[in-house]
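A.B. asks:
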Amino acid sequence: MTKEPVRALVLSRLQLHSAETFIDVGAGTGSVSLEAAMTWPGLQVIAIERDAAALALLHTNRSHFACENVQVIAAQAPVSCDLQVDAIFIGGSGGQLASLLHWSLEHLLPGGRLVMTFILHENLMQAFTLLGSLPVSALECVQLQASSMVALGEGHYFKPNNPTFVISCLKEGNHV
Ligand SMILES: C[S@@+](CC[C@H](N)C(=O)[O-])C[C@H]1O[C@@H](n2cnc3c(N)ncnc32)[C@H](O)[C@@H]1O
């Protein structure tokens, strides 16, 4: 699951307040899709997920939070579609990273926002290198490492989470 501190940066970079349609690739539990859908009820959210167990959880969470503006697509991305959207988040790529980046730029409107998260350095570098040769602007990468306080014996300590790398960029062109 994309943890809350990472979600906060991801959602900020996606700038969904001005969006009509948003695609969440590798939606997993639905944490990003559902938070986006609840924050902006007028937003159309398309959640793509390939794993059966994750899909079951995604449907349960979608019902629990009554997010009718989330459409779930059970498939491995990239999927064939004729959508043009304002923002795409890639939270899981499963070996499809290069084709997903090209697919994302095909389906983003000019000026659209592309955000992705990685924990593996190899995937981070593959994405960052490839994006350097694609028509994007404002390419940025942030490493986030948040720790939460938990009890230990009679005291407390900050339990570390793995660092997560957040890449964000804009598809070149002006949003019309
Ligand atoms: C880190 S997890 C879930 C992250 C999600 N944002 C969340 O909060 O639960 C990544 C997910 O991406 C899915 N996934 C990986 N590659 C995929 C692909 N090419 N198409 C669709 N789903 C994919 C995996 O099945 C997994 O559920």
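At position 37 of the sequence shown (counting the first as 1) the number is 46 in this note's numbering, and the numbers step up by one without a gap. Glycine residues also receive a C-beta, built at the ideal position from the N, C-alpha and C atoms.
1) Is Arg22 helix, strand or coil when you go by DSSP?
2) Quick check: what's the CA-CA separation for Thr11 versus Glu163?
3) Excluding the 5 residues flanking Val34 on each side, which residues of the same chain have their C-beta closer than 6 Å to its C-beta?
4) So what's Arg59 in DSSP terms, helix, strand or just coil?
5) Taking only the alpha-carbon atoms, compute the straight-line gap between Ile82 and Gln154 and give it to the nearest angstrom.
6) Answer yes or no: do Ala45 and Leu66 have a C-beta to C-beta separation smaller than 8 Å?
7) Looking at Val54 and Val79, is the spacing between their C-beta atoms short of 8 Å?
8) What residue from Ser113, Met125 and Asn171 has the CA that sits closest to Cys90's CA?
C.D. replies: Concretely, from the data shown:
1) Reduced to three states, the DSSP call for Arg22 is helix.
2) 30 Å
3) Ile57, Ala86 and Ile99
4) coil
5) 31 Å
6) No; because the gap between Cβ atoms is not below 8 Å, this pair is not in contact.
7) Yes, the Cβ-Cβ distance between Val79 and Val54 is below 8 Å.
8) Cα-wise, what sits closest to Cys90 is Ser113.
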